[in-house]
Amino acid sequence: MKPDLMKYYESLTDREFFLVGRIIIVIWLLKVLLFSPQLASSYPDSLLIPTGLFTLLSNEWMLFFFSYQVLMGLKIVLIVALSVFIWKPDNKWLGLITVGTLLIFSNINHSYGNFLNHAEVAVYVIMVFYILSLFLFKPYNDNGLNMKCLVFFSLSAITITVCYSLISIYRFIHGGLELYFGDYMLMTIVERSIQRVDYYLTVGIGVAAINGLKIPINIGFAVTTVFEVLSPLIFYFRDFRY
Numbered sequence: 046m047k048p049d050l051m052k053y054y055e056s057l058t059d060r061e062f063f064l065v066g067r068i069i070i071v072i073w074l075l076k077v078l079l080f081s082p083q084l085a086s087s088y089p090d091s092l093l094i095p096t097g098l099f100t101l102l103s104n105e106w107m108l109f110f111f112s113y114q115v116l117m118g119l120k121i122v123l124i125v126a127l128s129v130f131i132w133k134p135d136n137k138w139l140g141l142i143t144v145g146t147l148l149i150f151s152n153i154n155h156s157y158g159n160f161l162n163h164a165e166v167a168v169y170v171i172m173v174f175y176i177l178s179l180f181l182f183k184p185y186n187d188n189g190l191n192m193k194c195l196v197f198f199s200l201s202a203i204t205i206t207v208c209y210s211l212i213s214i215y216r217f218i219h220g221g222l223e224l225y226f227g228d229y230m231l232m233t234i235v236e237r238s239i240q241r242v243d244y245y246l247t248v249g250i251g252v253a254a255i256n257g258l259k260i261p262i263n264i265g266f267a268v269t270t271v272f273e274v275l276s277p278l279i280f281y282f283r284d285f286r287y
């Protein structure tokens, strides 16, 4: 990582730290608010594939967690915890409880069709970094550096860039160029719009039906992939960062 970027992270204060923390908490709050316990509890048992913590549970416990009462209770607990956490973003114990409950929520959310959203995983990992920073670091060390900000922002930036870079490399290796010339993106838009337990609006189907949209979507997908693969260069080249 270039010295100029390190100096930037070192210059950040608790104000920016808690601002970003609140933004992450709001992202999760919106996601929880959009989650539908009624829809999630109505899926056939055969479509539920245990993910994460649920791989350790029996089928009976798995079905228990997918009952309407449990899902609604989890949603209410998270709404309350996240709302209070926005108000008190420096409360590390509340943060620890929240991030633990969000892990259960995320595993539930991904146990339908075994679909793991890498963007959501990255945001969850960043929230874990936020909580760990609250626990592990004092505001300033003996040299006057705000280690909490330095560690949190640098690790978060590395997580986002490496996550998307590796995913794009994997996508290109296993999918090849046909991903950018065929109907892959149109099919993905439709698939994602109907498969998630927290997203019951089939917007993707309407988008995919628009004539002439395939070419600009594929071009945008190709350009995005190039920038995702090269994203770690932001740590070394300021111009590329812009």
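Adding 45 to a residue's 1-based position in the sequence shown gives its number in the numbering used here. Cβ coordinates follow ideal geometry from the N, Cα and C atoms, glycine included.
Excluding the five sequence neighbours on either side, which residues of its own chain have a C-beta within less than 7 Å of the C-beta of residue i, listed in chain order?
i: F266; result: Y225 and M230
i: L141; result: I176
i: L50; result: F280
i: S156; result: L93, I94, P95, T96 and F99
i: F62; result: K193, C194 and F197
i: L127; result: I70, W73, L74, V77 and T143
i: F282; result: none
i: S201; result: I171 and F174
i: L108; result: D90
i: V168; result: I69 and I72
i: K133; result: L139
Would a C-beta distance cut-off of 8 Å place residue i and residue j closer than the cut-off?
i: T204; j: I234; result: no
i: F182; j: V196; result: yes
i: I124; j: V77; result: yes
i: V207; j: P277; result: yes
i: N152; j: L98; result: yes
i: F111; j: L93; result: yes
i: R216; j: T143; result: no
Comparing alpha-carbon positions, which option in the options lies nearest residue i?
i: L211; options: L74, F110 and E273; result: E273
i: W106; options: M117, I121 and D90; result: D90
i: Y113; options: T143, S81 and F62; result: S81
i: S86; options: V115, K137 and T146; result: V115
i: L258; options: G227, T270, R283 and T269; result: G227
i: V173; options: F217, L275 and K137; result: K137
i: I121; options: D135, L147 and K133; result: L147
i: Y54; options: N191, V252, P261 and D284; result: N191
i: I264; options: A254, L275, D284 and E223; result: E223
i: Y209; options: S199, M232, H163 and V252; result: H163
i: M232; options: I214, I218, A254 and S213; result: A254
i: S213; options: V268, L101 and V129; result: V268
i: D135; options: N104, L64 and L119; result: L64
Tell me which same chain residues have a C-beta within less than 6 Å of the C-beta of residue i, skipping the five on either side of it?
i: I131; result: R67 and I70
i: R286; result: I279
i: S199; result: Y54
Residue i: beta carbon under 7 Å from a heavy atom of the ligand GDP?
i: S213; result: No copy of the ligand GDP occurs in the structure displayed, which carries no ligand at all.
Can you find the residues in the same chain that come closer than 8 Å, C-beta to C-beta, to residue i, ignoring five residues on each side of it along the sequence?
i: V242; result: Here the model assigns V242 a pLDDT of 49, short of 50, so the residue's position is not dependable and the matter cannot be decided.
i: N159; result: Unreliable positioning characterises N159 in this predicted model, as indicated by a pLDDT of 47, which lies under 50. A coordinate reading is not provided.
i: L275; result: S210 and F285
Would residue i pass as an interface residue toward chain B - the criterion being a Cβ-Cβ separation below 8 Å?
i: F198; result: The structure shown has no chain B; it contains just one protein chain.
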